[in-house]
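*Asks:* Residue numbering for the sequence shown follows UniProt numbering, starting at 1 and increasing by one per position. Yeah, the Cβ is synthetic: ideal placement off N, Cα and C, and Gly gets one too.
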Amino acid sequence: MNIISPGDDRDYIPIADHGLIGNLRTAALVSLDGSIESYCVPHFDSPSVFARILDKDKGGHFSITPTIPFTSKQNYLPSSNVLQTKFMNDEGVISITDFLPRPRQSTSSLDTHKPLLPWLVRRVECVRGKVPLLMQCAPAFNYARSSHVTTLVEDASIPFGPKQLKAVFDSDSLSLDLRYVVESEEEHTQFKPEPDIELVDLSEKGHKGLGVQSAFTLSEGQIVTFILRTPPTEVIRAPVSGQDQALSAVEMDAKARSQAEHSLETRKGAAELVAERDASMVHAPRGRALDDPFLTKELIHSLLHNTNHYWYDWIRKSTYTGSWKESVHRSALALKLLIFEPTGAVVASPTFSLPEYIGGVRNWDYRASWIRDSSFTLYALIRLGFTEEANAYLEFIFERIRDKNPDGSLQIMYTIHGGKEFEEVELNHLDGHKGSRPVRIGNGAIDHVQLDIYGELMDCIYLGQKFGRPLSYDDWVLVREVVDYVVEHYKDTDLSIWEVRDTQRNFTYSKIMLWVAMDRGLRLADKRSLPCPNRYKWLAARDELYEEIMHKAWNKEGKFFGQSYEETGVVDAAVLIMPLVFFMQASDPRFVSTLKQILKSPAKGGLTSNNLVYRYDTKKTADGVGGDEGTFCLCTLWCIEALTRAGQSDRTLIPKAVSMFEDFLLYLNHVGLCTEEISDAGVGLGNAVQGFTHVTLISAAYNLSRTIHKNV
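(1) Per DSSP, Thr85 forms a beta bridge with which residues?
(2) To the nearest angstrom, report how far apart Phe294 and Gly455 are at their CA atoms.
(3) Whose CA, out of Val82, Lys205, Tyr379, lies closest to the CA of Phe467?
(4) What three-state label does DSSP hand Gly129 in the structure shown?
(5) Who does Ser63 pair with in a DSSP beta bridge?
(6) Counting pairs of beta carbons, one from the segment 112-129 and one from the segment 8-18, are three or more of them closer than 8 angstroms?
(7) State whether the segment 417-427 contacts the segment 463-482, with contact taken as three or more CB pairs (one from each stretch) at a distance under 8 angstroms.
(8) Where Thr225 and Phe560 are concerned, what is the direct C-alpha to C-alpha distance, given to the nearest angstrom?
(9) Which residue comes first and which comes last in the alpha helix (DSSP H) that contains Ile446?
(10) What's the call for Ser147, buried or exposed, on a 16-neighbour Cβ count within 10 Å?
(11) Can you tell me which of Asp403, Ser157, Asp170 puts its alpha carbon nearest to the alpha carbon of Leu290?
(12) Note down the Cα distance separating Glu204 from Thr608, rounded to an integer number of angstroms.
(13) Which same chain residues end up closer than 7 angstroms to Ser80 when comparing Cβ atoms and leaving out the 5 residues on each side of it in sequence?
(14) Pick helix, strand or coil for Arg277, following the three-state DSSP scheme.
(15) Would you please verify whether the beta carbon of Ser659 is less than 8 angstroms from any beta carbon of chain B?
(16) The beta strand (DSSP E) spanning Gly22 covers which residue range?
(17) Would you call the CB atoms of Leu643 and Thr696 closer than 8 angstroms?
(18) Closer than 8 angstroms by C-beta to Ser327: which residues in its own chain qualify, once you throw out the five before and the five after it? Chain order, please.
(19) Less than 8 angstroms between the C-beta atoms of Thr319 and Leu384, yes or no?
(20) Whole angstroms are fine: how far does the CA of Arg615 sit from the CA of Phe692?
(21) Under the three-state reduction of DSSP, which class applies to Thr266: helix, strand or coil?
(22) Kindly confirm or deny that the segment 40-58 and the segment 69-78 touch, where touching means at least three C-beta pairs closer than 8 angstroms.
(23) Give me whichever residues DSSP pairs with Ile4 in a beta bridge.
(24) Ends of the alpha helix (DSSP H) at His670?
(25) Please state the DSSP three-state secondary structure of Met458.
(26) For the segment 589-601 against the segment 553-573, do three or more pairs of beta-carbon atoms, one drawn from each stretch, fall closer than 8 angstroms, so that the two count as touching?
(27) Would Asp492 be called buried (16 or more neighbouring beta carbons within 10 Å of its own) or exposed?
(28) Within the continuous beta strand (DSSP E) that includes Arg229, where are the two ends?
(29) If you follow the beta strand (DSSP E) that Ser564 is in, where does it begin and where does it stop?
(30) Measure from the alpha carbon of Ile197 to the alpha carbon of each residue in Arg316, Pro350, Leu210, Lys656, then state which is nearest.
(31) Taking the alpha carbon of Phe396 as the reference point, which residue from Thr343, Met135, His670, Arg437 has its own alpha carbon closest?
(32) Are Gln164 and Asp177 close, meaning C-beta to C-beta below 8 angstroms?
(33) Out of Ala348, Asp459, Asn89, which one is the CA nearest neighbour of Phe2?
(34) Whole angstroms are fine: how far does the CA of Glu185 sit from the CA of Ser95?
(35) State the beta-bridge partners of Gly209 as determined by DSSP.
(36) Is the segment 538-545 in contact with the segment 563-576, if contact means three or more CB pairs nearer than 8 angstroms?
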């Protein structure tokens, strides 16, 4: 166990050494040493306020750490996305509980609606002994590009007790405030923690505004909760009348505080009064804003309880009963964190520009929703029984189809709000994770021609109508237009799934998925008896493309399918998709031969190293990016599923699939989360948490478990 020695020269924390919390609007990475390393406000794709993971000095952070050497552990509460980090030392133990609040789902129309509070809550509790701590909150607004003003003002949201200060951070486009609540398990004790907040100047490290810090000591049973939020700008008030309506927000707070202090004879009486009320809607007079309740320990307890139960209530709806249930459910909870609730979109990753190779240039922004992910995401949600999320995502997809480009095409990705613009910009003022430059926001691939997306899109629609909501006639007309577009363009070249940035080619993966697009259109028409004026045209194009792939993508000498018609000598793990989308039976000799080639080591012309699979050999084909990368988690899981499907005919392959899957689970991080890639040394690389990886983990586990039990 590594001992962490706190100090001003803190280095980067490895990408995998983080947990993720979120509220279906945005998410935050929390490091093993108690620092918020990545946090964008108010949405996934908003500018960051904390990005320490990309620049350890000026990226911005919110850290809570012992000032003495310590070891740490981190875990999620059971069946929850509430994160707990423990600091341990001979002198004592500290537990930090981090979460972004979620109200419990209403069980009836009579339930009182509670607003989603845009808060980041950090509850610090001393479990044993006595530990000195340092809290430091240093936001760096707009990707550390904007300056801000920091002020300490009286906190009018504390209804009783001694007056205390809060910090207010104001930038041109966003304001945040930091408040705190103290409590003790022994209510009558006169000794309470005193986390007095003071200003701190970090300009020497490149910060463009003051931060705040607090040095304090906690003894057993003492708790301090810090709350960072976006203060309400639009007032949502309970009904008021008379002179209360004429009071300004400041006057209301002052009056509320006065009434709370003077109408209660003792602190005990105040606590009893608050406890009798709904803890998340504490008003001391009527008229307090619903999204700006008084800050009390009862409120914090209620928020934690409701948030924890929100996640627990959600995951228990899962219908999964197979093997590796714990990993599958953790992947499902991770996937839920990536859903942008207002539109139903699923963000590919809540982080941006984390390197695929330390010191390399493959650093991309994945805070958007890729059409490519659609069928795989829908399949995972459906297989676990989460039809509500599946239907919401399908509706997001159909909204994009209704807003096709003038030429009938679709974007390869959309913003989580449904937008078509996601301009790629390099942030040269940020150092990048461990010096991995450039740091990019936005993604220039948004206007790429990647024809494979139509296959994933049509497979998504096919799965949706098969297991979820039936397809309406108007939607079917839209679907026909998509297939007609595919028939007109299936001979075109593109940049395909790996989003190469040089020449368009006839990529095998794209050709397979274009076949899928036409195949699913025909299946929909046949199975649902839907009118299909161009049925025979679709059928002819589908069959012609199949024959073309078998002739032009097949490497006769090597006995494998190549990356493209132009480069059949290049092995590409993307062709593992063939049996997964029913293009070809996994038992077909051509596919089995291709699978065996991929399973060879790179030195022998394959892509597999230590049971992990590379996308392709970057030294054997140009992709216009340059640099190295690690093994690709998605490809490893596709390989496992391909082995599983081939194992239905050749059972000798099943042990290999199980071995690879068990090995892969070893590379999940300490809380069961996946990165995009894994280095030769077993270190997590790329953006974290990666939705595509968790989706394919669910799919691989589902099919492998089903195959094992079927063969018992």
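*Replies:* Let me spell this out:
(1) Gln74, Ile96
(2) 52 angstroms
(3) Tyr379
(4) strand
(5) Ser35, Gln136
(6) no
(7) no
(8) 59 angstroms
(9) Where Ile446 is concerned, there is no enclosing alpha helix (DSSP H), given that its DSSP letter is neither H nor E.
(10) exposed
(11) Ser157
(12) 46 angstroms
(13) Asn308, Trp311, Tyr312
(14) Because the pLDDT at Arg277 is just 38, under 50, the model does not fix this residue reliably, and the point stays unresolved.
(15) No chain B appears in the structure shown, which is made up of a single protein chain.
(16) 18-22
(17) no
(18) Leu665, Leu668, Gly672, Leu697, Ala701
(19) yes
(20) 14 angstroms
(21) Confidence at Thr266 is low in this model, with a pLDDT of 33, below 50, so its placement is unreliable and no value can be given for it.
(22) no
(23) Phe70
(24) No alpha helix (DSSP H) contains His670, which DSSP labels as neither H nor E.
(25) helix
(26) yes
(27) exposed
(28) 222-229
(29) Counting along the chain, Ser564 falls outside any beta strand (DSSP E), and DSSP gives it neither H nor E.
(30) Leu210
(31) Thr343
(32) no
(33) Note that residue 2 is Asn in the sequence shown, not Phe. Comparing Cα-Cα distances from Asn2 to each of Ala348, Asp459, Asn89, the minimum goes to Asn89.
(34) 15 angstroms
(35) DSSP output for Gly209 lists no bridge partner at all.
(36) no
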